[in-house]
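Student:
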Ligand code: IDP
Ligand code: MG
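Residue numbers (my numbering): 197 to 334.
1. Would you mind giving the Cβ-Cβ distance between residue 218 and residue 302, rounded to the nearest angstrom? I have them listed as a contact below 8 angstroms.
2. Counting beta carbon pairs with one atom in the segment 205 to 225 and one in the segment 302 to 313, are three or more of them shorter than 8 angstroms?
3. Could you name the residues of the same chain whose beta carbon sits closer than 7 angstroms to that of residue 298, not counting the 5 residues immediately before and after it, in chain order?
4. If you count every other CB in all the chains shown that lies within 10 Å of the CB of residue 254, and 16 or more means buried, which is it?
5. Is the beta carbon of residue 214 within less than 6 angstroms of some heavy atom of the ligand IDP?
6. From the DSSP output, in three-state form, read off residue 292 for me.
7. Span of the beta strand (DSSP E) holding residue 204?
8. Could you compute how far the alpha carbon of residue 293 sits from the alpha carbon of residue 280?
9. Do residue 243 and residue 259 have their C-beta atoms closer together than 7 angstroms?
10. Exposed or buried, which one is residue 257 when buried takes at least 16 other CB atoms within 10 Å?
11. Where does the unbroken beta strand (DSSP E) through residue 267 begin, and where does it stop?
12. Quick check on DSSP: helix, strand or coil for residue 300?
13. Express the C-alpha separation of residue 227 and residue 295 in angstroms, rounding to a whole number.
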């Protein structure tokens with residue numbers, strides 16, 4: 197049975213013109229795009245989205261980065277959506293990501309790592325509802 201996950205094509209990817217390449221990879225992996233928005237995150241939105249990391253030393257830099265340019269937010273559907281997206285994204289640090297993963301091929305650094313993917317079904321639901329109404333998921 198298909199289920200949902202959530203992704204953000206991060207500012208470095210949009211700046212470098214990698215949005216289409218990354219979406220194409222996701223489609224090739226069997227993800228269907230249920231909803232897609234280009235958005236410029238406010239600091240409040242970025243802080244809220246990454247609230248779980250608020251106490252981490254990299255948090256201010258992460259918020260600077262995520263507000264440094266527009267991103268694409270997308271709700272995706274596939275069987276095993278959450279673990280499969282994590283697999284095709286690769287490790288948080290592109291230098292440690294497996295060959296052929298999105299972060300290995302498009303990420304610049306542990307911070308500017310090309311793409312976000314939800315880490316659980318529960319967080320996928322929360323993150324999708326951060327950007328989309330149910331009526332916008334088709
Ligand atoms: P994830 O994106 O692989 O789930 P998280 O640990 O949830 O990784 O971290 C959220 C985001 O914060 C990362 O994708 C990355 O952009 C940034 N980040 C994580 N760890 C570091 C770090 O050690 N230095 C700088 N930025 C980091
Ligand atoms: Mg995470």
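For every residue, glycine included, the Cβ atom is placed at its ideal position computed from N, Cα and C.
Bear in mind that the values here come from a model prediction, so they are computed numbers and not experimental data.
Tutor: This is what the structure gives:
1. Taking the chain shown and counting its residues from 1, the one referred to as residue 218 is at position 22. Taking the chain shown and counting its residues from 1, the one referred to as residue 302 is at position 106. Contact holds; Cβ gap of about 7 angstroms.
2. The segment 302 to 313 is in contact with the segment 205 to 225.
3. Locating residue 298 in the chain shown gives position 102, where the first residue counts as 1. Cβ neighbours of residue 298 within its own chain (closer than 7 angstroms, five residues either side excluded): 218, 221, 284, 285, 286, 310 and 311.
4. Your numbering for residue 254 matches position 58 in the chain shown. The residue is exposed, with fewer than 16 neighbouring Cβ atoms inside 10 Å.
5. Position 18 of the chain shown, counting from 1, holds the residue named residue 214. In this structure, residue 214 has its beta carbon at no less than 6 angstroms from each heavy atom of the ligand IDP.
6. Taking the first residue of the chain shown as 1, we reach residue 292 at position 96. For residue 292, the secondary structure class from DSSP, reduced to helix, strand or coil, is helix.
7. Within the chain shown, residue 204 is the residue found at index 8, counting from 1. Note, residue 204: beta strand (DSSP E), 198 to 205.
8. Within the chain shown, residue 293 is the residue found at index 97, counting from 1. Within the chain shown, residue 280 is the residue found at index 84, counting from 1. So the two alpha carbons sit approximately 15 angstroms from each other.
9. Against the chain shown, residue 243 aligns to sequence position 47. Against the chain shown, residue 259 aligns to sequence position 63. Closer than 7 angstroms, so yes.
10. For the purposes of this step, residue 257 is taken as the residue at position 61 of the chain shown. Under the 10 Å beta carbon count, residue 257 is surrounded by fewer than 16 other beta carbons and is classified as exposed.
11. Here residue 267 refers to the residue found at position 71 when the chain shown is read from its first residue. From DSSP, the beta strand (DSSP E) with residue 267 extends over 267 to 275.
12. Translated into positions along the chain shown, residue 300 becomes position 104. Residue state, collapsed to three classes: helix.
13. Locating residue 295 in the chain shown gives position 99, where the first residue counts as 1. Locating residue 227 in the chain shown gives position 31, where the first residue counts as 1. So the alpha carbons of these two residues sit roughly 20 angstroms apart.
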